[in-house]
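**Student:**
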Amino acid sequence: MRGSRGFTLVELMVVLAIAGVLLALSVPFGRYINNNTNTAKLHEFASALNFSRNTAITSGAQVVICRLTEMNDKHGNRTGDLDCLRSKNNCGSLTPDNSNVEWQGGWAIFLDRDENCSITNTLDDSTDDDTILQIHGPLPQGYTLIGGDKEDVQFDNKGFPLGTQNTWTLCDPSKDPKLAKAVILSPTGRIRFAREDAQGNPLTCPG
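The letter at position 191 of the sequence shown is residue 398 when you use the working numbering, and the numbering goes up by one with no holes.
1. Taking only the alpha-carbon atoms, compute the straight-line gap between leucine 232 and tryptophan 310 and give it to the nearest angstrom.
2. Looking only at its own chain, which residues have a Cβ that is under 6 angstroms from the Cβ of glycine 354, when we skip the five neighbours before and after it?
3. With three or more beta-carbon pairs closer than 8 angstroms as the criterion, would you say the stretch 360-368 touches the stretch 249-262?
4. So, helix, strand or coil for phenylalanine 367, using DSSP?
5. Starting from the C-beta of cysteine 412, find all residues in its chain whose C-beta is less than 8 angstroms away, skip the five residues before and the five after it, and write them out in chain order.
6. Provide the residue span of the beta strand (DSSP E) that contains cysteine 324, from first to last.
7. Cα separation between aspartate 337 and glycine 313?
8. How long is the line joining the alpha carbons of alanine 247 and serine 254, rounded to whole angstroms?
9. Pull up the distance between the alpha-carbon of leucine 330 and that of leucine 410, whole angstroms please.
10. Is isoleucine 240 helix, strand or coil by DSSP?
11. Using CA coordinates, which residue listed in Ile225, Gly414, Ala389 and Phe317 is at the minimum distance from phenylalanine 252?
12. Look up proline 347 in the DSSP assignment and say whether it is helix, strand or coil.
13. If we call anything under 8 angstroms between Cβ atoms a contact, is aspartate 319 one with valine 360?
14. Going along the chain, which residues of its own chain have a beta-carbon closer than 7 angstroms to the beta-carbon of asparagine 245, five neighbours each way excluded?
15. Is valine 308 close to chain C, meaning its C-beta is less than 8 angstroms from at least one C-beta of that chain?
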């Protein structure tokens with residue numbers, strides 16, 4: 208009975224070389240998947256901004272997109288409104304300590320005919336009633352979407368955002384700034400994607 212044949216040195220080197228190639232490919236492939244997922248998530252928010260702007264133009268009324276995230280300031284005081292659709296939000300309101308605003312908890316879009324940044328309904332079939340247009344739920348666990356210090360964005364009837372430009376940075380659960388992406392809203396309402404903020408600074412991720 209012949210003994211079992213082992214691996215030759217050449218065969219072993221070939222196996223190790225193949226394993227090394229597969230390992231080297233797995234890292235960039237994983238980053239490629241994460242990169243595509245991050246792009247898709249950011250496109251969801253960019254689409255909401257575009258939808259808000261286009262609706263304001265076609266309807267001839269102000270449209271508001273507001274975040275549905277509740278957060279606390281550095282003193283532990285509650286800021287923002289968990290349900291921005293049901294209370295007066297003061298258009299363009301700032302966080303008490305001018306901190307950046309978290310949007311990963313979701314956002315809502317509504318037609319704001321009376322321009323008070325809150326849903327106002329007369330319940331008498333009035334054409335002046337405000338209308339909820341879209342509600343987007345939270346992003347997956349671990350994702351962050353950080354904007355400037357304003358808790359909502361209003362588009363006037365010509366599609367111009369009221370206030371200065373804003374940058375929203377999306378980070379995935381890895382919090383790797385190399386995978387971070389941003390969507391930038393210009394003062395004219397133009398929306399673009401970037402790997403840096405509006406001033407050209409590198410993007411950062413919390414934590």
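Ideal placement from N, C-alpha and C gives every residue a C-beta, glycine not left out.
**Tutor:** Let me spell this out:
1. Only weak support exists for where leucine 232 lies, its pLDDT of 48 falling under 50; the coordinates are left without a value.
2. Val308, Trp310, Asn373 and Trp375
3. yes
4. coil
5. Thr351, Thr376, Cys378, Lys382, Asp383, Pro384 and Ala387
6. That residue, cysteine 324, is in no beta strand (DSSP E); it is neither H nor E in DSSP.
7. 20 angstroms
8. 10 angstroms
9. The pLDDT assigned to leucine 330 is 46, lower than 50, so where the model puts this residue is not dependable, and the model offers no usable value.
10. Note that isoleucine 240 scores 46 on pLDDT, short of 50, meaning its location in the model is unreliable; the coordinates nonetheless yield the value given after this. Isoleucine 240: helix per DSSP, three-state reduction.
11. Ala389
12. coil
13. no
14. Leu377, Asp379, Leu386 and Lys388
15. Of the protein chains in the structure, only one exists, and it is not chain C.
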